[in-house]
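Working notes for the structure below.
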Amino acid sequence: MQSWIPFIPDAASTLSWKVDALYFYLCGVTIFFTLLISIVLVFFVIRYRRRTPYEIPRPIAGSHRLETLWTIIPFLIAMTLFAWGARIYFEEYSPPQNAIEIYVVGKQWMWKIQHSTGQREINELHIPLGRKVKLIMTSEDAIHDFFVPAFRMKADVVPGRYTTEWFEATKPGTYHLFCAEYCGMNHSGMIGSVIVMEPREFDNWLSGNAGNQTPAVAGQQLYQSLGCVSCHGPNGEGGRGPTLAGLFGRPTQLNNGQTVKADEAYIRESIINPQAKLVAGFGPIMPTFQGQVSEDQLVQLLAFIKSLQIANPQPATMASSPAAATNTAPAKTTPAPNVK
Ligand code: CUA
């Protein structure tokens, strides 16, 4: 569907053709009306030209029928674009539940990537064909933007926040990765590649690059070395901080009566600025970890807290990670996840 049209990038994800179809429709509508208006214009210029120097045109009062028509038709056309675009937008920005999660940290001027199985990459992202992949992204400095034209997918990567994007590759190959947000002097050099591999090849690649700790295990070590455990036992040991097991993705009751969802952003904020949203029943005793943990380490802590979620007894789930295995005790009786 691509190469015969100049300037159209490769189409290599399940979303590509949907975005292209809308784009071609938009181009079609534009070309149609450009031609229609130009032709009618030229026709009228010739047909109603002044024929004698003293000719005075007949006054025209206007036509309600015509005006209604040329208001309603463009409105309907605009609404098709809106509805179609909104549909694709919501699909693009609602990551599926069963996606592989990969962490991305942008910094001037490189992409640091870590797979949930521990492998790290810089300016390269290896992914398997035909599987849904979700990126959880943040930045150490300026705003960047993770853009893979072949997947028709881009999202800002913002300091102090986690943003996500997802895709499912449909064609093996190597595709461009760009930073699509001006982020300083070497912005144009902040490029890389996304390598889509057959699932078997990908598994080989993963095992060939083993040796790194998974983010969840690294997070667990941090959690111990930073002393979190003395207040925040995964199952409420310590008692001075809220229980962490099963926390991720759940609604959490705050001191001020509000309820927030314990998502990536909330957990990050609670580490960096613990006083911002206090959990009901707990005092403002936690010190801030601002400046003590890097974005990479925050991602690891987050992965660890998420792994405690997976550890909840749930029939027929995926095999639990090593970090999760240490916390298999049932955390709470509340029926577990699927909140997110
Ligand atoms: Cu990073 Cu532009």
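Letter by letter, the sequence shown follows residues 132 to 471 of the numbering used here. Glycine included, C-beta positions come from ideal geometry on N, C-alpha and C. Note that the coordinates shown come from a computational prediction; the quantities given were computed from them, not determined experimentally.
Cutoff 8 Å; reference residue i; Cβ partners in own chain excluding five residues on either side
i	result
F282	A143, S144, L146, S147, F298, A300, Y306 and V325
I204	none
L472	Residue 472 is absent from the model: the chain starts at 132 and stops at 471.
N404	T419 and Q421
P137	none
K265	P226, P227, A230, I231, E232, I233, T295, E296 and W297
R181	none
I322	N254, H307, L308, F309 and C310
Q423	L357
Cut-off 6 Å between Cβ atoms - residues of its own chain near residue i, not counting five sequence neighbours on either side
i	result
K149	I219
H246	I233
K392	P382
E252	I244
P140	P280 and A281
K302	A143
A434	P346, A347 and G350
A209	none
D151	none
N340	Q250
M284	E296 and F298
F278	K285, F309 and A311
Unbroken beta strand (DSSP E) run spanning residue i, endpoints
i	result
C310	G304 to C310
T269	K263 to S270
R196	R196 -> not in any beta strand (DSSP E); alpha helix (DSSP H) instead, spanning H195 to E223.
F413	Neither: F413 is in no beta strand (DSSP E) and is coded neither H nor E.
Same chain only: Cβ atoms within 7 Å of residue i, ignoring 5 sequence neighbours per side
i	result
P259	M328, P330 and F333
G476	Residue coverage of the chain in this structure runs from 132 to 471, which leaves residue 476 outside it and unanswerable.
H257	I326, M328, F333 and W336
A411	Q384, L385 and N386
A447	Because the pLDDT of A447 is 35, which lies under 50, any placement of that residue in the model is unreliable, and the number read from its coordinates should be weighed accordingly. Taken in chain order, the list of residues that qualify is empty.
L207	none
L375	H363, P365, I436 and L439
N229	K263
H318	W240 and C310
A407	E400
G372	C362, H363, F413 and M417
K463	With a pLDDT of 38 at K463, under the threshold of 50, the modelled position of this residue cannot be trusted; read the value that follows with caution. The residues are G377.
M132	Caution applies to M132, whose pLDDT of 44 falls short of 50 and renders its modelled position unreliable; the value that the coordinates give is listed next. Within the same chain, M132 has close Cβ partners A142, W148 and D151.
V160	I208
E426	V236, T269 and E271
Q431	P346, A349, G350 and L353
L429	R399 and I402
Where the alpha helix (DSSP H) through residue i begins and ends
i	result
G121	Nothing in the structure corresponds to residue 121, since the chain is present only between 132 and 471.
V176	S147 to R178
Q351	P346 to S356
Residues bridged to residue i (per DSSP)
i	result
N289	Correcting the residue type first, residue 289 is Val in the shown sequence and not Asn. Per DSSP, none; premise fails for V289.
P382	K392
R251	Q245
L256	V325
E400	Its beta-bridge partners do not exist; DSSP assigns none.
H275	V288
K238	M241
T294	M268
A300	S144
E232	K265
_Taking 8 Å as the cut-off, does the region 346-362 touch the region 284-292 (at least 3 CB pairs, one atom from each stretch)?_
no
*asked:* Quick check: the region 226-245 against the region 260-279, are at least 3 beta-carbon pairs closer than 8 Å?
replied: yes
*asked:* Pairs of beta-carbons, one from the region 302-318 and one from the region 397-405, closer than 8 Å: are there three or more?
replied: no
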